[in-house]
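Protein chains in written order, with my numbering: chain A, 166 to 514; chain B, 4 to 136.
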């Protein structure tokens, strides 16, 4: 099935949306691309709806696979299921509205969600104190949001695509990262050192819940009052819930605000307080510390991959090439500091 | 002796011109890209000035850390380039660490930090801690 551009598909899209919204008529007054990611496309849609539960103006975002992209993450129907699970769990997300799995309209599946306002840019949030409202309140709310996500537990018939929950998520993740590094053919003794530390100090497996997988500053949207939506659900997996806390608090995701350990926006204690207000289980700080080490390895592997991608032709993105060049040595040095000899349980002199 | 207008010098001037004369003239949405370009030029300049220094340091540290190191150029002959030699040493130490031969060893840790700092000095010198110099 050949992908069809959205502009060409306006009429059939209106027909689909009209039916989904139980309207007598639906007209798209605005239809334009929001961003052209390598894997997904997001389109802004404004609709005028006549009759039915959505009568009036409807502000939407349509998400579909990009025309050229070969997706290796979640499919759009899977992403929709995750968004719906989160919405039902009370997480602040853009409300998922309608999924179209047929290929008749765009030549590829898509879903539509209600549009939320604000910005997700991490650097802007860090620099602009007018964004995000009270930062301590924002950190507490993010903690509560995360705790709600972690209340989603296996088994879930609507999330079968997530596979069997892992017996040992920590060790699995370290092995996965090791394999990724091997596939790149990039020997890196510093990362090996950190991965070996992780292998020897992985926490004993405990709870497994839904983990967002990319819960960090830059992946949630804020306006001047506070949080408007948690985004980027394509890395969700069954895992150790503390992995999300580690990713959120890791030094590499503080955007230079190292002393603000909760994602560069507030003290860690605020974020933890919010989490524990909502969570049925207390935070295991040692476990979070372990996952912060893993977070640095994961980001280093991603940065190396991004740099490599520009070497093999394809997108000649300066941004990605610089990411691949600048971040790894910094992450390696931070990893070595986090796994200094004194931190090894059987340290050798 | 180096020509006074060598590559590193040209990169430095190019970067200065970009930041002082071009940056203010471009649209807001292109400023980020200009800063990336300026950063790329700065890295290339430092890399040129550092020459073989960081590679030599890394190689010396790795030769000191891998187990039972013998001058392998004797075995491999002169066919191996210095890049290949460096890569081979990285593979060896990486494999030894993975196999658990260096768990928690202070000497290995210190060597790896020196290497990371040498690379960091090229890409982000401000991030090399004062205590590491």
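Glycine included, each C-beta is placed from N, C-alpha and C at the ideal position.
Leaving out five residues on either side along the sequence, give the residues of the same chain with a beta carbon under 7 Å from the beta carbon of residue i.
i	result
residue 470 of chain A	349
residue 131 of chain B	120, 123, 124
residue 50 of chain B	125
residue 473 of chain A	349, 489
residue 282 of chain A	388, 393
residue 17 of chain B	44
Would the beta-carbon of residue i fall within 8 Å of that of residue j?
i	j	result
residue 100 of chain B	residue 361 of chain A	yes
residue 175 of chain A	residue 254 of chain A	no
residue 207 of chain A	residue 199 of chain A	yes
residue 259 of chain A	residue 394 of chain A	yes
residue 307 of chain A	residue 436 of chain A	yes
residue 433 of chain A	residue 424 of chain A	no
residue 334 of chain A	residue 408 of chain A	yes
residue 415 of chain A	residue 460 of chain A	yes
residue 69 of chain B	residue 36 of chain B	no
residue 44 of chain B	residue 14 of chain B	yes
residue 382 of chain A	residue 287 of chain A	yes
residue 321 of chain A	residue 250 of chain A	yes
residue 177 of chain A	residue 270 of chain A	yes
residue 500 of chain A	residue 458 of chain A	yes
residue 280 of chain A	residue 213 of chain A	no
residue 493 of chain A	residue 90 of chain B	no
residue 229 of chain A	residue 205 of chain A	yes
residue 380 of chain A	residue 487 of chain A	no
residue 187 of chain A	residue 218 of chain A	yes
residue 189 of chain A	residue 211 of chain A	no
Does residue i have its Cβ less than 8 Å from a Cβ in chain A?
i	result
residue 55 of chain B	no
residue 25 of chain B	no
residue 43 of chain B	yes
residue 116 of chain B	yes
residue 140 of chain B	As shown, chain B starts at 4 and ends at 136. That puts residue 140 of chain B outside it, with no answer to give.
residue 108 of chain B	yes
residue 17 of chain B	no
residue 101 of chain B	yes
residue 51 of chain B	no
residue 47 of chain B	no
Measure from the C-beta of residue i to each C-beta in chain B and report whether the shortest distance is under 8 Å.
i	result
residue 422 of chain A	no
residue 442 of chain A	no
residue 253 of chain A	no
residue 390 of chain A	no
residue 491 of chain A	yes
residue 361 of chain A	yes
residue 512 of chain A	Low per-residue confidence applies at residue 512 of chain A: pLDDT is 46, beneath 50, and the placement is therefore not dependable, though the value from the model is reported in the following sentence. Chain B, which has a Cβ nearer than 8 Å to the Cβ of residue 512 of chain A, makes this yes.
residue 294 of chain A	no
residue 402 of chain A	no
residue 526 of chain A	Nothing about residue 526 of chain A can be reported from this structure: the residues present for chain A run from 166 to 514 only.
residue 501 of chain A	yes
residue 406 of chain A	no
residue 465 of chain A	no
residue 498 of chain A	yes
residue 484 of chain A	yes
residue 198 of chain A	no
residue 495 of chain A	yes
By Cβ distance below 6 Å, which residues in the same chain neighbour residue i in space, the five residues on each side in sequence not counted?
i	result
residue 455 of chain A	368
residue 318 of chain A	374
residue 185 of chain A	263
residue 410 of chain A	453
residue 404 of chain A	334, 376
residue 96 of chain B	65, 68, 69
Taking buried to mean at least 16 other C-beta atoms within 10 Å of its own C-beta, is residue i buried or exposed?
i	result
residue 390 of chain A	exposed
residue 25 of chain B	exposed
residue 476 of chain A	exposed
residue 293 of chain A	exposed
residue 106 of chain B	buried
residue 442 of chain A	exposed
residue 154 of chain A	There is simply no residue 154 of chain A to check, as chain A begins at 166 and stops at 514 in what is shown.
residue 55 of chain B	exposed
residue 444 of chain A	buried
residue 222 of chain A	exposed
residue 48 of chain B	buried
residue 183 of chain A	buried
residue 7 of chain B	exposed
I want to see whether chain C comes within less than 8 Å of residue i, judged by CB atoms only; does it?
i	result
residue 126 of chain B	Judged by its chain identifiers, the structure shown contains no chain C, and its protein chains are A and B.
Excluding the five sequence neighbours on either side, which residues of its own chain have a C-beta within less than 8 Å of the C-beta of residue i, listed in chain order?
i	result
residue 53 of chain B	124, 125
residue 304 of chain A	427, 428, 430, 431, 432, 435, 436, 439
Segments assigned beta strand (DSSP E), at least 3 residues, entirely inside the stretch 48 to 122 of chain B: none
In chain order, what are the residue ranges of uninterrupted alpha helix (DSSP H) at least 4 long that sit wholly in the stretch 327 to 358 of chain A? 334 to 349
Residue ranges of each alpha helix (DSSP H) within the stretch 391 to 466 of chain A, 4 or longer: Counting only runs of 4 or more, we get 407 to 414, 433 to 443.
Quick check for students: name the residue ranges of the alpha helix (DSSP H) that lie wholly in the stretch 171 to 207 of chain A, counting only runs of 4 or more. 175 to 185
Ordered list of beta strand (DSSP E) runs contained in the stretch 215 to 285 of chain A, each at least 3 residues: Counting only runs of 3+ residues, the beta strand (DSSP E) found wholly inside the stretch 215 to 285 of chain A occupies 221 to 230, 261 to 265, 275 to 279, in chain order.
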